[in-house]
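Have a look at the structure below, then the notes.
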Amino acid sequence: MRVAILDDEPAELRRVEQTLQQIADADGQVWSLHSFERGEDLLRQLRRETFDLLILDWQLPDLTGLALLRWTREHMEAPPAAIMLTSRDGENDIVQALNAGADDYVSKPFRPNELKARVAAVLRRHSQQRTASNEVLSINDLTFDDAELTVTREGKPIVMTEREYRLARCLFSNLGRPLSRDYLYERFWPHEEMASSRPLDTHIYRLRNKLGLTADRGWQLLTIYGYGYRLESVAGAAE
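Under UniProt numbering, read the sequence shown as residues 1 to 239, first letter to last.
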């Protein structure tokens with residue numbers, strides 16, 4: 001679980017981090033927490049990174065949390081869940097944030113147990129919505145079926161393991177976006193397997209071959225040196 005926290009007060013950032021870490025510890029999960037004191041810094045990361053949850057303060061000196069929330073809803077195909085965490089607690093403020101796409105709204109000073117409960121509820125709803133809305137993805141000659149965890153090309157099944165399927169589905173859901181090794185390991189591998197890069201490289205190699213991720217089929221799976229991978233659609237592929 002990758003979480004971005006935006007607040008221009010360092011003490012508040014630490015308090016949110018501690019609260020979220022308690023959720024991870026209670027569930028025995030590995031959460032990767034990324035804190036930002038400037039909206040522009042988080043926006044820069046959103047252009048190249050993937051997060052599962054955003055916790056956003058409203059009032060910042062540069063780019064406000066509300067403006068950043070609107071950017072994710074307007075420019076990202078699959079925007080992460082988002083909770084506004086702010087001292088602005090007027091009814092009009094809450095309505096404005098929810099209309100902009102916030103999944104929930106928590107007023108400062110927050111109560112840790114309330115924030116934990118709201119985070120859990122938002123992530124649960126978001127997961128259910130993605131499962132319901134993304135059961136089948138068809139792109140070019142490939143069709144991904146989330147219910148069956150299968151891929152077909154023009155109706156013919158492609159044999160894949162569950163991990164291969166989920167990794168491929170993630171790449172295709174983030175076309176054109178660079179995905180870091182850290183993100184892919186955190187999402188698809190147990191913590192004890194994350195030390196080596198070889199399992200990921202091996203899976204990428206298999207996906208290139210099994211799915212035909214080559215320019216003549218309209219795809220380019222790029223290795224970004226020192227960072228990760230990016231899947232791109234190539235125009236002008238042979239029919």
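Where is the CB? At the ideal position from N, CA and C, for every residue including glycine.
- Cβ neighbour criterion (16 or more within 10 Å) applied to R2: Reading the sequence shown from its first residue, position 2 is the one you call residue 2. By the 10 Å Cβ count, R2 comes out buried.
- Within the region 157-238, ranges of the beta strand (DSSP E) (whole runs, at least 3 residues): Secondary structure in the region 157-238: the beta strand (DSSP E) runs of 3 residues or longer, each lying completely within the stretch, are 219-224, 228-233 in chain order.
- Task: Assign S234 to buried or exposed, taking buried as 16 or more other Cβ atoms, counted over all protein chains shown, within 10 Å of its Cβ.
- Result: Sequence index remark: in the sequence shown, residue 234 carries index 234 (1-based). Here residue 234 turns out to be Val, not Ser, going by the sequence shown. So V234 ends up on the exposed side.
- Hey, how far is the Cα of L149 from the Cα of A120? In the sequence shown, residue 149 corresponds to position 149, counting from 1. In the sequence shown, residue 120 corresponds to position 120, counting from 1. Rounded to the nearest angstrom, the two C-alpha atoms are 25 Å apart.
- Measuring alpha carbon to alpha carbon, tell me which of F188, C170, L200 ends up nearest L231. Indexing the sequence shown from 1 puts residue 231 at position 231. Minimum Cα distance to L231 is reached at C170.
- Message: Taking a contact to mean a Cβ-Cβ separation below 8 Å, would you say E37 touches D7 in this structure?
- Response: Here residue 37 is taken as the residue at index 37 of the sequence shown, counted from 1. Here residue 7 is taken as the residue at index 7 of the sequence shown, counted from 1. Yes, these two residues count as a Cβ contact at 8 Å.
- Beta-carbon proximity check, A82 vs G101, cutoff 8 Å: Start at 1 with the first residue of the sequence shown, and residue 82 comes out as number 82. Start at 1 with the first residue of the sequence shown, and residue 101 comes out as number 101. For the pair A82 and G101, the CB atoms are nearer than the 8 Å cut-off.
- Query: Just the Cα atoms here: how many angstroms apart are D182 and S87?
  - Reply: Numbered from 1 along the sequence shown, position 182 holds the residue referred to as residue 182. Numbered from 1 along the sequence shown, position 87 holds the residue referred to as residue 87. Cα to Cα, D182 sits roughly 33 Å from S87.
- Where W58 and T202 are concerned, what is the direct C-alpha to C-alpha distance, given to the nearest angstrom? Indexing the sequence shown from 1 puts residue 58 at position 58. Indexing the sequence shown from 1 puts residue 202 at position 202. For W58 and T202, the distance between alpha carbons rounds to 43 Å.
- Task: Quick one: residues in its chain with C-beta nearer than 6 Å to the C-beta of F144, no 5 flanking neighbours on either side, listed in chain order?
- Result: Here residue 144 refers to the residue found at position 144 when the sequence shown is read from its first residue. Exclusion of the five residues before and after F144 leaves L137, V151, R169 as the residues of its chain whose Cβ lies within less than 6 Å of its Cβ.
- Please state if the CB of A97 and the CB of M76 are separated by a distance shorter than 8 Å. For the purposes of this step, residue 76 is taken as residue 76 along the sequence shown, with counting starting at 1. For the purposes of this step, residue 97 is taken as residue 97 along the sequence shown, with counting starting at 1. No, these two residues do not count as a Cβ contact at 8 Å.
- Member of L46, F172, L207 whose CA lies at the smallest distance from the CA of T161: The residue you call residue 161 lines up with position 161 of the sequence shown. Closest option to T161, Cα to Cα, is L207.
- Message: Classify T223: buried if its beta carbon has 16 or more other beta carbons within 10 angstroms, exposed otherwise.
- Response: Reading the sequence shown from its first residue, position 223 is the one you call residue 223. Exposed: under 16 other Cβ atoms inside 10 Å.
- Query: For Q227 versus P178, is the C-beta spacing smaller than 8 Å?
  - Reply: Locating residue 227 in the sequence shown gives position 227, where the first residue counts as 1. Locating residue 178 in the sequence shown gives position 178, where the first residue counts as 1. Note that residue 227 is Tyr in the sequence shown here, rather than Gln. The answer is yes: Cβ separation under 8 Å.
- Task: Let me know if D104 comes out buried or exposed under the rule of 16 or more other beta-carbons within 10 Å of its beta-carbon.
- Result: Mapped onto the sequence shown, residue 104 falls at position 104. D104 is classed as buried because its beta carbon has at least 16 other beta carbons within 10 Å across all chains shown.
- Task: Could you spell out where the beta strand (DSSP E) holding L137 opens and where it closes?
- Result: In the sequence shown, residue 137 corresponds to position 137, counting from 1. Segment 136-139, the beta strand (DSSP E) holding L137.
- Are there 16 or more other CB atoms within 10 angstroms of the CB of A215, so buried, or fewer, so exposed? The residue given as residue 215 occupies position 215 in the sequence shown. Classification of A215: exposed, given that the 10 Å Cβ count is below 16.
- Message: On a Cα-Cα basis, can you pick out the residue from S32, E114, N92, I55 that is closest to L13?
- Response: As a first step, residue 13 must be located in the sequence shown, where it is residue number 13. Nearest option by C-alpha distance: I55.
- Do A11 and F51 have their C-beta atoms closer together than 8 Å? As a working note, residue 11 is residue 11 in the sequence shown. As a working note, residue 51 is residue 51 in the sequence shown. A distance of 8 Å or more separates the beta carbons of A11 and F51.
- Item | T150 (DSSP reduced to helix, strand or coil) | For this step, residue 150 is matched to residue 150 along the sequence shown. T150: strand per DSSP, three-state reduction.
- Query: So, is E164 buried or exposed, given that buried needs 16 or more other C-beta atoms within 10 angstroms?
  - Reply: What you label residue 164 is simply residue 164 of the sequence shown in a count that begins at 1. When all chains shown are included, E164 counts as buried.
- For L144, which beta-bridge partners are listed by DSSP? On the sequence shown, residue 144 is found 144 positions in, with the first residue counted as 1. Note that residue 144 is Phe in the sequence shown here, rather than Leu. Under DSSP, F144 shares a beta bridge with L137, V151.
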